[in-house]
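S.K.: Shown below is the structure under consideration.
There are 2 protein chains.
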Amino acid sequence: MISQFYKEMTGKESVIRKFFDYSRQRAAELGPDSVFNFSIGNPSVPVPQKFTDAMTELLATEDPVKLHGYSPTLGQPTTKQCIADSLNRRFGMNYEARHIFPTSGAAGALSHALRCVAGQNDTVLTFAPYFPEYVPYVTGTGAQLRVVPADTSSFQINFEKFEEMMTPSVAAVLINSPNNPSGIVYTTETIKRLAEILRTKEKEFGHEIFLITDEPYRELVFSNVDSPFVSSYYDNSICCYSFSKSLSLPGERIGYMAVNPKAKDADYLVNMAGQISRFTGHNCPSSIMQLAIEKVIDDTCDLSIYERNAELLYNALTEIGYEIVKPNGTFYMFPKCPIPDANEFCWKGARELGLIIVPGDSFECPGYFRISYCVPTEMIEKAIPLFEKLYNFYK
Amino acid sequence: MISQFYKEMTGKESVIRKFFDYSRQRAAELGPDSVFNFSIGNPSVPVPQKFTDAMTELLATEDPVKLHGYSPTLGQPTTKQCIADSLNRRFGMNYEARHIFPTSGAAGALSHALRCVAGQNDTVLTFAPYFPEYVPYVTGTGAQLRVVPADTSSFQINFEKFEEMMTPSVAAVLINSPNNPSGIVYTTETIKRLAEILRTKEKEFGHEIFLITDEPYRELVFSNVDSPFVSSYYDNSICCYSFSKSLSLPGERIGYMAVNPKAKDADYLVNMAGQISRFTGHNCPSSIMQLAIEKVIDDTCDLSIYERNAELLYNALTEIGYEIVKPNGTFYMFPKCPIPDANEFCWKGARELGLIIVPGDSFECPGYFRISYCVPTEMIEKAIPLFEKLYNFYK
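Those protein sequences? They're chains V and Y, same order as listed. If you're matching positions, the first sequence starts at 12 in the numbering used here and goes up one per residue. If you're matching positions, the second sequence starts at 12 in the numbering used here and goes up one per residue.
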């Protein structure tokens, strides 16, 4: 018999995906120029030419049997070393190749990392607003996800609530900075305080509490922003990265899990991830992709458009009257709705005008909405009068 | 705390992998020309130039933002259609794009297919000799794998034992033809009889029993061999395929799950697979890889070397005295050991001589050993005297 659990889920589509599909439908009705899709985080700038050249050269010069052959279970050794070297160079860490596990994007990294440290009867804490896919990632391990309410004044951490929720069943804490959907980067002060609490609770509970850091937006930080490398502040940590956003390669599914060399059982965790792959049928990412990434390990696309878009949109929207914590990274911002019901605001008001934006309820932060501004600047310019009309309609 | 389950597994390496690692060590000791590694199924012929050209052209001509952008959750529509068309053309089926789910190789396909139809308290049956990774694939769903003993006279199905083991908890039956490790293709007669029993038991038990077919070796069938397309004989079936072996692309992790259009709930299964991916963190295979595959959908590498190697090795070994069911596909054969203890035979006798072969115990078929002959023909020629020495030592 087919699984009722997954069968029933097919009715419950991701809200973000629903908005995306709706935007295509609306474009068919109104014409594509009358629909402004701010619903999805698909990077809008091309991968560096260097990457394309690296791929082309690998195809032209490498022995195809080797190039496309099985990558070792724990990843291409040269790729692992290259990632470790880059992290050490940039963040003063001491990773070795054996601490790096190449994965299918951040989704793969998070699923492996969470299975390493959490299971049945465990709790994983995360902070609102948060990426809704954390629910299946955590549920898939057997553990339960609990969400610390947002500090909507700054979108840093609500420490009061966090400490209340730090019970002995907490096996791991999952953070995402720079954050989707708020666009906010956790400060060094935030990370230090978080680390301090975790260390205290580890002693109190008598077991490790792992800090899993979801970092696909690490390189998307605006000028002069304090952006600490989290793993330098807390030993029992696993960094989960994806090249999707920094190199505009989301479809190629390439990222990694980096185990803090100072973590308890650091020598086991990558080997454990190799075992976990066997149960999920996941295996390594594409072998040519691993090799090509080596050539652009310290590069990014031209990410400046995201900062320009953020500036333009933030200034225009706040002038209109929207309340927004100014984003300092990613390509998202998370304004407050002028009415409490973000669903009404997004699904009715905005939709009528051809604006596709996502209600904060999906990120467990009602009363807010997410704008993805990885779009041409011109589209933002055209959409601003619509955001004004929308505001005036509801205010 | 880290997961004890996965931590303990890190001690239990795959036997095949152990032999592979050992062969490298032995090559360092004896020199590479004195070690004959017949332990691993890494294809030895290059991918068709057409594939390399397709990749190069995609890189040169496509908009990189689109080319490397997110593939839809259920796979690239053109790739899905192309796979469906090819299967329909070749096997007279009626797949539509919506029945096809691109995956990370056969491992990804099997993990999704099994999660669709089996879970806690269910049993999945498979047939010895079988690919040992079926254990984690099935265990990962929550179900239990039970193994029908081999029919060592032909390596077709041991129907007597199979019928005995067909209890109401059986949710799925998993077959692999052409078979790793036996090299045997199930005949039309075998498949018809299997399908008949499954239909009878479905009626008797009052629930569907899904047939999951693991087909990475589908194209590796020797001349004039009866090789039925299993899904044409049984409606509740899911075909799991990988391009790893037919196109020599194992490292690129590209394959698919094809849901029989006549299966119960056929319209749900691919959508369910999309949901399953969220829990395993798997997502689609690489987007450029999906697109490139379209250009070589009906092609294979030059697979003739495998048949030549099989012929040469089979003739030589049977002449020496080995008992072998003659393989008619794949790049494996599975001779009987001249002594009952295949571990002694492989780990001691063969190893001493520099022959790296895998004991049948790993495939739940003791007393046999697997030879992977996806190697240069010259290596086989050189190894034959060693196989003779080995036989004479033990006989």
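Ideal Cβ placement from N, Cα and C applies to all residues, glycine included. Remember, it's a predicted structure, so these values are computed and weren't measured experimentally.
Return the chain-ordered list of same chain residues with a C-beta closer than 8 Å to the C-beta of residue 176(Y), the five sequence neighbours on each side being excluded.
M.R.: 136, 157 and 159
S.K.: Can you look up residue 27(V) in the DSSP assignment and give me helix, strand or coil?
M.R.: In the structure shown, residue 27(V) adopts helical secondary structure according to DSSP, grouped into three states.
S.K.: Taking one C-beta from the region 190–205 of chain V and one from the region 235–243 of chain V each time, how about it: are there three or more such pairs within less than 8 Å?
M.R.: yes
S.K.: Comparing alpha-carbon positions, which option in 285(Y), 400(Y), 368(Y) and 302(Y) lies nearest residue 4(Y)?
M.R.: What the structure shows of chain Y is the stretch from 12 to 406, and residue 4(Y) is not part of that stretch, so it cannot be assessed.
S.K.: Check residue 265(Y) in the structure and name its three-state DSSP category.
M.R.: coil
S.K.: Indicate whether the contact test is met: 3 or more Cβ pairs, each with one atom in the region 280–297 of chain V and one in the region 119–126 of chain Y, closer than 8 Å.
M.R.: yes
S.K.: Please report the straight-line C-alpha distance between residue 379(V) and residue 266(Y), rounded to a whole angstrom.
M.R.: Residue 379(V) and residue 266(Y) have their C-alpha atoms some 41 Å from each other.
S.K.: Got a sec: does the ligand GDP put a non-hydrogen atom nearer than 6 Å to the Cβ of residue 317(Y)?
M.R.: For the ligand GDP, the structure offers nothing, since it holds no ligand at all.
S.K.: Taking a Cβ distance cut-off of 9 Å, strictly less, list which residues of the region 285–305 of chain Y are near chain V, in chain order.
M.R.: 285, 286, 287, 288, 289, 290, 291, 292, 293, 294, 295, 296, 297, 298, 299, 300 and 301
S.K.: Report the option in 386(V), 174(V) and 81(V) whose CA atom is closest to the CA atom of residue 317(V).
M.R.: 386(V)
S.K.: Could you say which of 288(V), 307(V) and 222(V) lies nearest to residue 274(V) if we only look at CA atoms?
M.R.: 222(V)
S.K.: Could you check whether the Cβ of residue 390(Y) sits closer than 7 Å to any Cβ belonging to chain V?
M.R.: No, residue 390(Y) does not count as interfacial toward chain V.
S.K.: Tell me the DSSP bridge mates of residue 194(Y)?
M.R.: The partner list for residue 194(Y) (beta bridge, DSSP) is empty, contrary to what the question assumes.
S.K.: With a threshold of 7 Å between beta-carbons, can residue 227(Y) be considered close to chain V, or not?
M.R.: no
S.K.: Can you pull the chain V residues whose beta carbon is under 8 Å from the beta carbon of residue 359(Y), in chain order?
M.R.: The contacting residues do not exist; residue 359(Y) stays about 26 Å from chain V at best.
S.K.: Could you pull out every residue in the same chain whose Cβ sits closer than 6 Å to the Cβ of residue 66(V), ignoring the five residues on either side in sequence?
M.R.: 303
S.K.: Which whole-angstrom value describes the C-beta separation of residue 94(V) and residue 17(Y), a residue pair presumed to lie in contact below a C-beta threshold of 8 Å?
M.R.: Actually they are not in contact, since the Cβ atoms of residue 94(V) and residue 17(Y) sit about 22 Å apart, beyond 8 Å.
S.K.: Is the CB of residue 375(Y) under 7 Å away from at least one CB in chain V?
M.R.: no
S.K.: Any contact of the region 352–371 of chain Y with the region 320–330 of chain Y, i.e. 3+ C-beta pairs under 8 Å?
M.R.: Verdict: no, contact absent.
S.K.: Taking the runs of the alpha helix (DSSP H) that are 4 residues or longer, which of them lie wholly in the region 228–272 of chain V?
M.R.: none
S.K.: Does the CB of residue 98(V) have a neighbour CB from chain Y at under 7 Å?
M.R.: no
S.K.: So which residues on chain V does residue 3(Y) lean against when the C-beta distance must stay under 8 Å?
M.R.: With chain Y represented from 12 up to 406, any question about residue 3(Y) goes unanswered, as that position is not in the structure.
S.K.: Out of curiosity, what's the CA-to-CA distance linking residue 389(V) and residue 323(V)?
M.R.: C-alpha separation (whole angstroms): 11 Å.
S.K.: Could you give the uninterrupted runs of the alpha helix (DSSP H) lying entirely in the region 121–194 of chain Y, keeping only those of 4 residues or more?
M.R.: 145–150 and 170–176
S.K.: Whole-angstrom Cβ separation of residue 228(V) and residue 189(V), contact assumed at under 8 Å?
M.R.: With a Cβ gap of about 4 Å, residue 228(V) and residue 189(V) count as contacting.
S.K.: With residue 324(V) as the anchor, note down where its beta strand (DSSP E) starts and where it stops.
M.R.: Run containing residue 324(V): none in the beta strand (DSSP E); it sits in the alpha helix (DSSP H), 315–331.
S.K.: For residue 49(V), which of 357(V), 184(V), 170(V) and 405(V) has the nearest alpha-carbon?
M.R.: 357(V)
S.K.: Hey, how far is the Cα of residue 15(Y) from the Cα of residue 283(V)?
M.R.: 10 Å
S.K.: Give me the chain V residues within the contact set of residue 260(Y), using Cβ-Cβ distance strictly less than 7 Å, ordered along the chain.
M.R.: 79
S.K.: Answer with yes or no whether the minimum CB distance from residue 343(V) to chain Y is below 7 Å.
M.R.: no
S.K.: In the region 53–91 of chain Y, which residue ranges form an unbroken alpha helix (DSSP H) of at least 4 residues, counting only runs that do not cross its ends?
M.R.: Runs of the alpha helix (DSSP H) inside the region 53–91 of chain Y: 60–72 and 75–78.
S.K.: Quick check on this structure: which residue in 144(Y), 150(Y) and 203(Y) has the alpha carbon closest to the alpha carbon of residue 134(Y)?
M.R.: 150(Y)
S.K.: Can you pull the chain Y neighbours of residue 403(V), defined as C-beta to C-beta under 9 Å?
M.R.: Under the 9 Å cutoff, chain Y gives no residues; its nearest Cβ is about 35 Å from residue 403(V).
S.K.: Between the region 251–260 of chain Y and the region 345–359 of chain Y, are three or more C-beta pairs nearer than 8 Å?
M.R.: no
S.K.: Look up residue 360(V) in the DSSP assignment and say whether it is helix, strand or coil.
M.R.: helix
S.K.: Go ahead and label residue 339(V) buried or exposed: buried means 16 or more other beta carbons lie within 10 angstroms of its beta carbon, across all protein chains shown.
M.R.: buried
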